[in-house]
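Colleague:
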Amino acid sequence: MNSRYEAVIGLEVHAQLLTDTKIFCGCSTKFGNPPNTNVCPVCLGHPGVLPVMNKKVVEFTVLMGMVVNCKINEKSIFARKNYFYPDLPKGYQISQYEEPICEHGKVEIELKEGIIKEIGITRIHMEEDAGKSIHDHSDATLIDLNRCGTPLIEIVSEPDLRSPEEAYLYLTKLKQIVTYLDICDGNMEQGSLRCDANVSVRLKGESKLGTKTEVKNMNSFRNVERAIAFEIERQIELLEDGKQIVQQTLLWDADTNKVLPMRSKEEAHDYRYFPDPDLVTIVVNDEWKSSISKQLPELPDIRRERFINQYKLPAYDANILTSSRQLANYYEQILTVTNDYKSASNWVMTEVLKFINDSKISIEDFPVKPDSLGKLIKMIEENIISGKIAKEIFPEMISTGKMPEQIVAEKNLVQISDTSEIESAVEKIINANPDDVQKFLAGKEKVLGFLVGQVMKETRGKANPKIVNDILLNKLKR
Numbered sequence: 096m097n098s099r100y101e102a103v104i105g106l107e108v109h110a111q112l113l114t115d116t117k118i119f120c121g122c123s124t125k126f127g128n129p130p131n132t133n134v135c136p137v138c139l140g141h142p143g144v145l146p147v148m149n150k151k152v153v154e155f156t157v158l159m160g161m162v163v164n165c166k167i168n169e170k171s172i173f174a175r176k177n178y179f180y181p182d183l184p185k186g187y188q189i190s191q192y193e194e195p196i197c198e199h200g201k202v203e204i205e206l207k208e209g210i211i212k213e214i215g216i217t218r219i220h221m222e223e224d225a226g227k228s229i230h231d232h233s234d235a236t237l238i239d240l241n242r243c244g245t246p247l248i249e250i251v252s253e254p255d256l257r258s259p260e261e262a263y264l265y266l267t268k269l270k271q272i273v274t275y276l277d278i279c280d281g282n283m284e285q286g287s288l289r290c291d292a293n294v295s296v297r298l299k300g301e302s303k304l305g306t307k308t309e310v311k312n313m314n315s316f317r318n319v320e321r322a323i324a325f326e327i328e329r330q331i332e333l334l335e336d337g338k339q340i341v342q343q344t345l346l347w348d349a350d351t352n353k354v355l356p357m358r359s360k361e362e363a364h365d366y367r368y369f370p371d372p373d374l375v376t377i378v379v380n381d382e383w384k385s386s387i388s389k390q391l392p393e394l395p396d397i398r399r400e401r402f403i404n405q406y407k408l409p410a411y412d413a414n415i416l417t418s419s420r421q422l423a424n425y426y427e428q429i430l431t432v433t434n435d436y437k438s439a440s441n442w443v444m445t446e447v448l449k450f451i452n453d454s455k456i457s458i459e460d461f462p463v464k465p466d467s468l469g470k471l472i473k474m475i476e477e478n479i480i481s482g483k484i485a486k487e488i489f490p491e492m493i494s495t496g497k498m499p500e501q502i503v504a505e506k507n508l509v510q511i512s513d514t515s516e517i518e519s520a521v522e523k524i525i526n527a528n529p530d531d532v533q534k535f536l537a538g539k540e541k542v543l544g545f546l547v548g549q550v551m552k553e554t555r556g557k558a559n560p561k562i563v564n565d566i567l568l569n570k571l572k573r
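Here's what the structure looks like:
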């Protein structure tokens, strides 16, 4: 990026709420059902039907507003946002405009340098989703209206972001919050978390905002980052060439890593907003707010600090373990079996997350239950098995679902702590490797690791490594 310029970025994030039914009718919100089966006259916009507000949508929205320090407005109203789209059967979308439910919040992100930056949130409002147009048929566009009426919250940031990296961190933070609250699954590929970016550039030191464009069609966090970076460079090149930036909506093409023009950028008046005559004012009084606040879980930043203080974990470990509510829960369930906090952290961050990432599954679908992993760690802690043996039986725990003690018993893998048996193995290795013994005696201490490894090999990895070290050193120094 040309150092003479700075980017000004604001994000509009849509989060699909995890309610069982749609925002204004009783149709299912389940993803993956056959096309056009989760529909009824209300969400299809048939004449004469009346929408009925889903109370859970209001509660989920207020929870989000509370977490990001928004003012929760006592009264808010719905408006009709009028535009034509093939997948919008009513010809308008029910949303909120002049009087949204949440306003004036903030989210903190941590930059690479450890600096905390505050990103303002203009508003959070409720709205219904449109349907889905499917363009992968050469001669036709197909319309699936299952998604029509699915409840959304739109989280609109202030133009406080200054780089693609900051946008990525902000979006990551929002995903962490909505999944901790269990109000959205955060799945960008399925469209349950979507992001549009408003991007402009200006010379450094300028206070006036440049002409903005809106970039859509970004289905992953990395695509958001790449699309914004591309658009920043595109705008700078236009300005450097003396050309004007056109205010327009752009689509990100992940295959070519380019943005493509979609339409001229609309202004609010283009949508002809007016209050929806079929929906009453939403009133969130103090009593209801208090009731909703009791649903708040322990939030990620607070949980991270607790992990550092209670379990004496490094900040790096705590950051990873609290990255999702489910992962943090899995870790803490391990600790109902073992008190070896750091070993539990190491196992989750390495073996568990490696399998999850390679298999592209969630922690909820991981086949080894936390108490089973806790028992494995406990067996190492109590010198029943070595860490090496534990790493060997862990894949079998994954593939068979067996408890670690069962596998250890079946394969006779109990760690040898009998000093006489280990002494016998040590003497055998010393006698078989006279040259290495002489090297050690001559001061090459690294040879000790080789000799320990040979003893472990001789005992098929079952010898207690500490006892092996002690006996080997004792015999070598005689």
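First residue of the sequence shown? That's 96 in the working numbering, and the numbers climb one at a time after it.
Where is the CB? At the ideal position from N, CA and C, for every residue including glycine.
(1) Which whole-angstrom value describes the C-beta separation of I327 and L158, a residue pair presumed to lie in contact below a C-beta threshold of 8 Å?
(2) Excluding the 5 residues preceding and the 5 following E284 in the sequence, name in chain order all residues of the same chain whose CB lies nearer than 8 Å to its CB.
(3) Which residue from P395, I429, K150, V354 puts its Cα closest to that of V294?
(4) Starting from G215, follow its DSSP beta bridges and name the residues at the other end.
(5) Let's see if you can read the secondary structure: which residues bound the beta strand (DSSP E) around Y180?
(6) Using three-state DSSP, classify D531 as helix, strand or coil.
(7) Using a Cβ-Cβ cut-off of 8 Å (strictly less than) and excluding sequence neighbours within five positions of T114, which residues of its own chain qualify?
(8) I believe V547 touches N569 by the beta-carbon criterion, under 8 Å. Please report the beta-carbon distance rounded to the nearest angstrom.
(9) For M148, which of helix, strand or coil comes out of DSSP?
(10) Give me the DSSP bridge partner(s) of S228.
(11) On the criterion of 16 or more Cβ atoms from any shown chain inside 10 Å, does Y411 qualify as buried, or is it exposed?
(12) Considering V294, what are the terminal residues of the beta strand (DSSP E) in which it resides?
(13) Looking at the secondary structure, which residues open and close the alpha helix (DSSP H) in which G548 lies?
(14) Reducing DSSP to helix, strand and coil, say where P246 ends up.
(15) Mapping the DSSP letters down to three states, classify P395 as helix, strand or coil.
(16) Which residues in the same chain have their Cβ closer than 6 Å to the Cβ of D381, if we skip the five residues on either side of it in sequence?
(17) Between the stretch 133-141 and the stretch 188-207, can you find at least three pairs of beta-carbon atoms closer than 8 Å?
(18) How many whole angstroms separate the CB atoms of S171 and I189, which I take to be in contact at a CB cut-off of 8 Å?
(19) Going by CA-CA distance only, name the one from I493, I479, N478, K473 that's closest to I451.
(20) Please state if the CB of Y425 and the CB of L408 are separated by a distance shorter than 8 Å.
(21) In angstroms, rounded to a whole number, what distance separates the CA positions of R240 and D280?
Modeller: Taking the coordinates as given:
(1) Counted from its first residue, the sequence shown places residue 327 at position 232. Counted from its first residue, the sequence shown places residue 158 at position 63. No, I327 and L158 are not in contact; Cβ-Cβ is about 34 Å, not under 8 Å.
(2) To locate residue 284, count along the sequence shown from 1; it is residue 189. Answer for E284: N314, S315, listed in chain order.
(3) Residue numbering aside, residue 294 sits at position 199 when the sequence shown is read from its first letter. For V294, the nearest C-alpha among the options comes from V354.
(4) Position 120 of the sequence shown holds residue 215. Note: G215 sits in a beta bridge opposite K201.
(5) Residue 180 sits at position 85 when you count from the first residue of the sequence shown. That residue, Y180, is in no beta strand (DSSP E); it is neither H nor E in DSSP.
(6) Counted from its first residue, the sequence shown places residue 531 at position 436. The answer is helix: DSSP assigns D531 an H, G or I state.
(7) Start at 1 with the first residue of the sequence shown, and residue 114 comes out as number 19. Around T114: T124, N149, K151, V152, F155, P246.
(8) If you number the sequence shown from 1, residue 547 lands on position 452. If you number the sequence shown from 1, residue 569 lands on position 474. About 13 Å separates the two Cβ atoms, so there is no contact after all.
(9) The residue given as residue 148 occupies position 53 in the sequence shown. If DSSP states are grouped into helix, strand and coil, M148 belongs with coil.
(10) Along the sequence shown, read from residue 1 onward, the residue named residue 228 stands at position 133. DSSP lists I238 as partners of S228.
(11) Here the question's residue 411 lines up with position 316 in the sequence shown. Counting Cβ neighbours within 10 Å, Y411 comes out exposed, since fewer than 16 surround it.
(12) For the purposes of this step, residue 294 is identified with residue 199 of the sequence shown, where counting begins at 1. First-last of the beta strand (DSSP E) with V294: 288-298.
(13) Within the sequence shown, numbered from 1, the residue matching residue 548 stands at position 453. 542-553 is the span of the alpha helix (DSSP H), which, as asked, contains G548.
(14) Position 151 of the sequence shown, counted from the start, is the residue given in the question as residue 246. Strand, per DSSP.
(15) Here residue 395 is taken as the residue at index 300 of the sequence shown, counted from 1. Of the three classes helix, strand and coil, the one that applies to P395 here is helix, per DSSP.
(16) In the sequence shown, the residue the question calls residue 381 occupies position 286. Nothing meets the Cβ criterion.
(17) no
(18) The residue given as residue 171 occupies position 76 in the sequence shown. The residue given as residue 189 occupies position 94 in the sequence shown. That belief does not hold up - the Cβ atoms of S171 and I189 are roughly 13 Å apart, past 8 Å.
(19) Position 356 of the sequence shown, counting from 1, holds the residue named residue 451. That would be I493, whose Cα lies nearest to the Cα of I451.
(20) Start at 1 with the first residue of the sequence shown, and residue 408 comes out as number 313. Start at 1 with the first residue of the sequence shown, and residue 425 comes out as number 330. For L408 and Y425, no; Cβs fall outside 8 Å.
(21) To locate residue 240, count along the sequence shown from 1; it is residue 145. To locate residue 280, count along the sequence shown from 1; it is residue 185. The identity of residue 240 in the sequence shown is Leu, whereas the question assumes Arg. Approximately 21 Å between the Cα atoms of the pair.
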